[in-house]
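A.B. asks:
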Amino acid sequence: MEFEKDTSFLSGRLKSFSFAFKGAIKLITTEHSVIVQSILGLLLVVAGIYFNISREEWMIQILATGLVISVEGLNTAAEKISDFIHPEYHEKIGFIKDIAAGAVLFAALTAIIVGLFIYVPKIM
């Protein structure tokens with residue numbers, strides 16, 4: 216069976232959304248790091264409600280959480296395609312995976328800093 220692109224605007228967008236939704240579910244249910252990050256995101260929602268954070272703080276917290284999970288998804292995709300293309304260890308594949316993991320680290324550190332800015336004053 217050959218893939219045929221849907222050229223209809225509405226049904227094409229609906230199919231694209233369907234594929235994206237399936238991918239998000241796969242990411243959240245199969246990748247341990249994303250599961251942990253999702254749980255942390257839910258804990259931040261509870262903390263936000265408990266500390267009654269402002270609308271602006273909610274927006275920044277949501278953006279930071281979304282950033283981490285999104286970059287982790289891209290990292291996962293890079294790892295999966297790298298393993299598919301070259302299952303054995305290869306120095307260049309390792310370099311690519313390290314860079315993708317480094318991007319996740321930057322996103323996570325950014326989210327931690329955002330969390331500190333929001334919650335440390337409320338705890339003190």
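In this note's numbering, the protein residues as written are 216 to 339.
Glycine included, every Cβ here is placed at the ideal spot set by N, Cα and C.
Bear in mind the structure is a predicted one, so any value in this text is a computation, not a measurement.
#1: Quick check on the burial criterion: 16 or more other C-beta atoms within 10 angstroms. Buried or exposed for N290?
#2: Evaluate contact between the segment 321–339 and the segment 252–266, counting only Cβ atoms and requiring at least three cross-stretch pairs below 8 Å.
#3: What are the boundary residues of the alpha helix (DSSP H) that I300 is part of?
#4: Considering just the uninterrupted stretch of the alpha helix (DSSP H) at S231, what are its terminal residues?
#5: Assuming V329 and E287 are in contact, meaning their beta carbons sit under 8 Å apart, how far apart are those beta carbons, in whole angstroms?
#6: Would T280 and G317 qualify as a contact pair, given that the criterion is a beta-carbon distance under 9 Å?
#7: Nearest by alpha-carbon distance to A293: which of K312, I275 and I338 is it?
#8: So which of S248, I327, F236 and I338 has the shortest CA-CA distance to I277?
#9: Which residue from E271, A315, R228 and L242 puts its Cα closest to that of F332?
C.D. replies: Reading it off the structure:
#1: Here residue 290 corresponds to residue number 75 of the sequence shown, with the count starting at 1. N290 comes out buried.
#2: yes
#3: Looking up residue 300 in the sequence shown gives position 85. Counting along the chain, the alpha helix (DSSP H) containing I300 begins and ends at R270 to I300.
#4: In the sequence shown, residue 231 corresponds to position 16, counting from 1. Its alpha helix (DSSP H) spans residues F224 to T245.
#5: Looking up residue 329 in the sequence shown gives position 114. Looking up residue 287 in the sequence shown gives position 72. With 8 Å as the limit, V329 and E287 do not qualify as a contact, their Cβ atoms being about 16 Å apart.
#6: Along the sequence shown, one-based indexing puts residue 280 at 65. Along the sequence shown, one-based indexing puts residue 317 at 102. In this structure, G317 does not lie closer than 9 Å to T280 by Cβ.
#7: Against the sequence shown, residue 293 aligns to sequence position 78. Checking every option, the nearest Cα to that of A293 belongs to K312.
#8: The residue you call residue 277 lines up with position 62 of the sequence shown. Of the listed residues, the one whose Cα sits closest to I277 is I327.
#9: Numbered from 1 along the sequence shown, position 117 holds the residue referred to as residue 332. Residue E271 is the option with its Cα nearest to F332.
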